[in-house]
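The block underneath contains the structure these notes are about, expressed in structure tokens.
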Amino acid sequence: MRPTASQEPDWGSHVNNIIAKGILKFSLDLDRAIYKTSVTSNRDNVVFSPLSVSVALSLVLLGSAGRTFDEVSRVLGLEAGVDISQHSEVVHQMFGLLLSFVNYRVDGSNGPRVNSASGIFVQEGYPIRPEFRAISENAYKSEVMSVDFKRRGIEARDTINNWVKERTMEKITSILNEVPNPLTNVILLSALYFNGEWNQHFLNSQTRKKQFFIEPNDVINVDMMYNGGNFPFYEDKSLKIVALPYKGLEMSMYVLLPSAEGATALKSFRDGLTAEIIENLISNLRNQTCIIGLPRMKLSSTLTLNNALQSLGLHSASLTNPGLFADEVLHKVEMDVTERGTEAAATTGIILDRTGNQKRLVADRPFLFFIRHDPTKLVLFWGTVNAPTPNYAVVR
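Here the sequence shown stands for residues 138 to 533, where the numbers follow my numbering.
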């Protein structure tokens, strides 16, 4: 149910700004940390949901104190501008309201669809405070469920996978391939599937094979989609950025394309970004006549985030009681980017202006993107694309 007018947060409020900016900063930090701890090839792509991971960590914040509380607050960028230790309930209430607002919007018939699942799976008999269960379920819509990792590991794995499958309407069929360690006490889990239709479709008739330069001397072919029209656009010597709105005009994909080619150059570009720089880039966007080229992609990431989060300074993630530890933080995202935006195939009659007066952004080299709910400025998804999938070998 949509939040009532009296419940809807003031989007300019201090706490909302802290949450939104904190999640944007967390997006950059986590992307860097994932590449530092988990990525082994410059052909690897990464896509994740900063909002979803932030909610999972907020559940840690919900029941923690001392060092853990400080670490989680710092990692989420919530330690600046408000006394979290004295007013943590405000953060949880705001998170819950923001999620309700976003979920209401994207579930509407005219907007993107996000199928999501978040839950806490706890070893049978392990103590969970009633207050923790109540707030996690009421504010975050997370479920706290008991399983038996010690004696019935296969059943626990299948229970978790079936839960994910059901909650994502079978878009994601599993997140656990292996049986969990029998010593596991808690698994924090988040899984998302994004399905959004562009406000202005790309042209099926214009999609064609085009070279994509992973590095200047490492080239593949991709299915490059093209679109033309008025889009929010900005460029300077170092980059181009465009916003591609989805139906409903409340969510957009922002594509950041550095001028320098290659995955190595993209890493240097990303390392120089800050939340303030990205906010400034968005504020500089102006509607301009553009030709946009974007690879057709099917992106998937399954991540165990423990090492990445530890590299960000999160070492003592105990939950509601001393000894209740998040043994694994698992995260999976599936995302399709097509001409229509969704998996369906359709086209509209948009004429590409070829007079040379338009701006051009053709993502034929590694790039960043993020999907943002613009009214709240919350980043739902973040991606680094080094080698779009599917791709094809270049025939010499």
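Every residue, glycine too, gets a C-beta built ideally from N, C-alpha and C.
Where does residue i sit, in a helix, a strand or coil, going by DSSP?
i	result
Met306	coil
Thr321	coil
Pro187	helix
Pro140	Low confidence applies to Pro140: its pLDDT is 48, below 50, so where it sits in the model is not reliable, and the reading given next is rough at best. If DSSP states are grouped into helix, strand and coil, Pro140 belongs with coil.
His229	helix
Ala500	coil
Phe163	helix
Ile156	helix
Asn354	coil
Phe339	coil
Arg180	coil
Asp360	strand
Val466	strand
Ser237	helix
Val531	coil
Thr205	helix
Gly290	helix
Ser255	strand
Arg345	strand
Leu426	The question names Leu, but residue 426 is Thr in the sequence shown. In this structure, Thr426 counts as strand in the three-state DSSP scheme.
Ala481	Since pLDDT at Ala481 reaches only 28, below the 50 mark, its modelled position is unreliable, and the value read off the structure follows with that caveat. In this structure, Ala481 counts as coil in the three-state DSSP scheme.
Val212	helix
Gln260	strand
Leu489	Annotation note: pLDDT 33 at Leu489 (below 50); position unreliable, coordinate value reported separately. Leu489 falls in the coil class under three-state DSSP.
Asp473	strand
Asn314	coil
Leu446	helix
Leu199	helix
Leu451	coil
Can you tell me whether residue i is buried or exposed? The criterion is at least 16 other CB atoms within 10 Å of its CB, across all chains shown.
i	result
Arg551	Because the chain is modelled from 138 through 533, residue 551 falls outside the range shown and cannot be assessed.
Gly486	Interpretation of Gly486 is limited by its pLDDT of 26, a score under 50 that renders its predicted location unreliable; the figure taken from the coordinates is listed afterwards. With fewer than 16 Cβ atoms within 10 Å of its Cβ, Gly486 is classed as exposed.
Glu471	buried
Glu208	buried
Gln260	buried
Ser396	exposed
Asn367	exposed
Asn417	exposed
Ser420	exposed
Pro319	exposed
Val532	exposed
Pro267	exposed
Asn153	buried
Met306	exposed
Asp408	exposed
Ser255	buried
Thr411	exposed
Val522	buried
Arg204	exposed
Ser375	exposed
Thr177	exposed
Ala483	Model confidence at Ala483 stands at a pLDDT of 23, short of 50, so the residue's coordinates are unreliable and nothing is read from them.
Measure the Cβ-Cβ separation of residue i and residue j and say whether it is below 8 Å.
i	j	result
Thr513	Val239	yes
Met390	Thr526	no
Leu393	Ile378	yes
Ser210	Leu198	yes
Ile357	Ala530	yes
Asn206	Ala276	Correcting the residue type first, residue 206 is Phe in the shown sequence and not Asn. No; because the gap between Cβ atoms is not below 8 Å, this pair is not in contact.
Ser273	Ile257	yes
Met362	Phe331	no
Leu440	Val474	no
Thr426	Lys496	yes
Leu467	Ile324	yes
Can you name the start and end residues of the beta strand (DSSP E) that residue i belongs to?
i	result
Ser283	280-284
Thr441	434-441
Ala380	376-382
Val522	515-522
What residue range does the alpha helix (DSSP H) around residue i cover?
i	result
Tyr391	Here Tyr391 belongs to no alpha helix (DSSP H); instead the beta strand (DSSP E) covers 388-395.
Pro267	267-277
Arg407	400-408
Leu418	412-420
I'd like the list of long-range same chain contacts for residue i, defined as Cβ closer than 8 Å, with 5 residues on each side in sequence excluded.
i	result
Glu292	Val284, Asp285
Thr401	Asn179, Glu352
Val212	Phe163, Asp166, Leu194, Leu446, Leu449, Gly450, Leu451
Confirm the yes/no value for this check: CB of residue i, any heavy atom of the ligand HEM, distance under 7 Å.
i	result
Arg288	Ligands displayed in this structure: none; no statement on the ligand HEM is therefore possible.
By Cβ distance below 7 Å, which residues in the same chain neighbour residue i in space, the five residues on each side in sequence not counted?
i	result
Leu188	Ile160, Leu515, Val516, Leu517
Asp373	none
Thr174	Asn444, Ala445, Ser448
Leu386	Asn336
Just to confirm my understanding: we take residue i, look at its own chain, exclude 5 residues before and 5 after, and list those with CB closer than 6 Å. What are they?
i	result
Gln337	Gly366
Ser437	Glu471
Phe506	Met390, Val392, Gly520
Phe350	Val356, Glu398, Arg502
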